[in-house]
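So that you can map any letter, position 178 of the sequence shown is 406 in the numbering used here, and since no number is skipped, the others follow by simple counting. Here's the structure we're looking at; comments come further down.
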Amino acid sequence: MIETKTLLAHLPTSVWIGNKETAAAAGGTFAVYNPATGEVLLEVADAGADDAAAALTAAAAAQQEWAATPARERAQILHRAWQIVIDRRDEFALLMTLEMGKPLAESQGEVNYGAEFLRWFSEEAVRINGRYSESPSGNGRILVTKEPVGPTLAITPWNFPLAMGTRKIAPALAAGCTMIVKPAAETPLTMLLLAEVFRDAGLPDGVLSVLPSTHAAEVTAPLLTDARLRKLTFTGSTEVGKILLRQAATRVLRTSMELGGNAPFVVFDDADVDAAVDGAMAAKMRNIGEACTAANRIYVDNAVHDEFCAKLTARMKALRIGPGDVEGTQVGPLITDKQRKRVAALVSDAVDKGAVVATGGDSYGDTGYFYHPTVLTGVSPDARILREEIFGPVAAIVGFDGEAAGVAAANDTEYGLAAYIYTNGLDGALRVTRALQAGMVGVNRGIISDVAAPFGGVKESGLGRESGSEGIDEYLETKYIAFP
Ligand code: ADP
């Protein structure tokens, strides 16, 4: 096991362009905090518009050669990067726990999951195919080819510091695109360490740049209107996604948007209640509830409601809360004090509107940004907690009567990322999965993310799909060549 001090002493902490660390052009730095203690971990260079321009110049200069690099070579670099991340698993895991707060066991899970995108897309890189056909009229031949979109900007959130990066970087590089990453200011260290891994894996200069910054818009807005940039891929809130879509419209950029979620978790009257409780624990508590796929609204048929609530409450009460790097911790801190206050405000609003606190309902400890695992029952339909993403360890439960009411409640949102159902009836499962307005539906499963499956949402949860065999299409343009 690596020591925190040793790890922090060797990390890149500057702007990363051309496989090198450089100080921010304007010279400033910002602090990265440990949310379990509120203490500063490291100071990191604070990139601005000049650094962004330099990164785009490097990306544009490298684009043509990278696109022309044989797919097998691109694949081998991705595969080497996968191997290095796995070899350095302990460093990545501890680093994510330190800057994001999740328990070490979950960080280790994210290292495997995040690295897997590198391996998956190393395998996809050599299977980019077009097609040939003949015109029905008999006097034309149709050749369809795929080409990389070109230099791409990726903007990533803090909740999965490694996986949200690799899920974009791997398909972009596999397709032959260069990429500039603007990680979240809360968690830039993991992405900088990943940039170092890519250098060591042999990625050519300029293909990948990382711009840590507290001035997100100042860094990204000029890139989005620069004709050399061809694509934006974003994971974050719907609110920021809409701002970015407006900016991307200026030059009709290709966009992939993974935005907010408000996932329903629906337990029908024929469900195995114990399995549903297990699933709810996973869907709710993975990543301290800070996931866009987190079960945000738990709807339980009144036939099994009381049993489900009692069992879920007992499980939530028993969770061990504490710093993520302490052995046995199951629930870490929230990312910031601001986020903890947001969660607390959503709980108070629900209680004001009649919800009952079955467990939790308050902060924990004197240092760090901890909030107790919480169960709310009898949540009123007009409570904010059913409308807004919680991003915290709070299970909001509502009873319903019958399948139609459960489906209607689940679809009553402008979001459409993930949905979960628990039922033992095949017919019901088929009916309900068809009726749910979501990009991803879990049946009797609380965790659905999979490197081989298309991840993405409908409605205001986003555009496009990441991972799976679909993921690489987001970074490819289709060209039709007409022959006589
Ligand atoms: P969250 O609420 O999870 O922090 P955000 O949507 O605010 O989600 O942030 C996701 C990412 O988008 C982060 O990297 C953040 O710095 C970036 N971001 C936030 N606002 C803007 C903006 N106006 N322009 C560009 N990037 C932004």
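Glycine residues also receive a C-beta, built at the ideal position from the N, C-alpha and C atoms. As the structure is a prediction and not an experimental result, all values here were calculated from the model.
Check	Outcome
Suppose you measure from the CA of Thr448 to the CA of Asp497; what does that come to, to the nearest Å?	49 Å
Ignoring anything shorter than 3 residues or poking outside the stretch 439–473, list the beta strand (DSSP E) runs there in chain order.	459–463
Can you confirm whether the stretch 529–549 touches the stretch 562–574 when touching is taken to mean that 3 or more C-beta pairs between the two stretches lie within less than 8 Å?	no
Thr342: which of Thr373, His307, Ala398, Ala391 sits nearest, CA to CA?	Reading off the sequence, residue 342 comes out as Gly, not Thr. Out of Thr373, His307, Ala398, Ala391, Ala391 has the C-alpha closest to the C-alpha of Gly342.
Which residue's Cα is closest to the Cα of Arg302: Gly430, Asp274, Thr602?	Gly430
When you compare the stretch 485–503 with the stretch 627–643, are there three or more beta-carbon pairs, one atom per stretch, that lie closer than 8 Å?	yes
Answer with buried or exposed for Val554, where buried requires no fewer than 16 other C-beta atoms within 10 angstroms of its C-beta.	exposed
Excluding sequence positions up to five away, which residues of its chain have a Cβ less than 6 Å from the Cβ of Gly560?	Gly329, Lys330, Pro331, Ile516, Gly552
Can you round the beta-carbon distance between Ala251 and Ser242 to whole angstroms, since I take them to be within the 8 Å contact cut?	6 Å
So what's Trp348 in DSSP terms, helix, strand or just coil?	helix
Indicate whether the contact test is met: 3 or more Cβ pairs, each with one atom in the stretch 573–587 and one in the stretch 258–266, closer than 8 Å.	no
Distance check for Tyr648 and Phe426, CA to CA, integer angstroms please.	36 Å
Inspect the beta-carbon positions of Thr380 and Thr442 and report whether they are closer than 8 Å.	no
Where does the unbroken alpha helix (DSSP H) through Ser576 begin, and where does it stop?	565–580
Bridge partners of Arg482, per DSSP?	Lys459
Distance, Cα to Cα, Arg673 vs Gly507?	6 Å
Compute every distance between the C-beta of Thr448 and the non-hydrogen atoms of the ligand ADP, then say whether any falls below 7 Å.	yes
Within 10 angstroms of its Cβ, does Ile230 collect 16 or more other Cβ (buried), or is it exposed?	exposed
Determine whether the beta carbon atoms of Gly368 and Ala710 lie at a separation below 8 Å.	yes
Say the cut is 7 Å; is the CB of Leu472 nearer than that to a heavy atom of the ligand ADP?	yes
Starting from Trp386, trace the alpha helix (DSSP H) in both directions and tell me its first and last residue.	Note, Trp386: premise wrong, no alpha helix (DSSP H); not H, not E.
Can you find a CB in chain C that lies within less than 8 Å of the CB of Ala657?	Protein chain content of the structure displayed is limited to a single chain, and chain C is not contained in it.
Please tell me whether, using a cut-off of 7 Å, the distance from the CB of Val425 to the nearest non-hydrogen atom of the ligand ADP is below it.	no
Leu481: which of Arg548, Thr234, Pro440, Leu704 sits nearest, CA to CA?	Leu704
Quick check: the Cα distance between Gln558 and Gly550, rounded to an integer number of angstroms?	8 Å
For Ser361, which option in Arg355, Glu352, Leu371 has the closest C-alpha, if you only look at C-alpha atoms?	Leu371
Are the CB atoms of Arg479 and Leu284 nearer to each other than 8 Å?	no
Restricting to Cα atoms, I'd like to know which of Leu346, Arg308, Met513 is closest to Asn387.	Met513
For a test of the three-state rule: what should DSSP assign to Leu658, helix, strand or coil?	helix
Roughly how far, in whole angstroms, is the beta-carbon of Trp244 from the beta-carbon of Val438, given that I think they are within contact range, below 8 Å?	4 Å
Report the option in Arg359, Glu352, Ala413 whose CA atom is closest to the CA atom of Ala398.	Glu352
Tell me the residue span of the beta strand (DSSP E) that contains Glu362.	359–362
Is the beta carbon of Lys545 closer than 8 Å to that of Val505?	no
Applying the criterion that 16 or more other CB atoms from any shown protein chain within 10 Å of the CB defines a buried residue, is Glu688 buried or exposed?	buried
Along the chain, where does the alpha helix (DSSP H) that runs through Asn639 open and close?	631–639
Check whether the Cβ of Ser465 lies closer than 7 Å to any heavy atom of the ligand ADP, and answer yes or no.	yes
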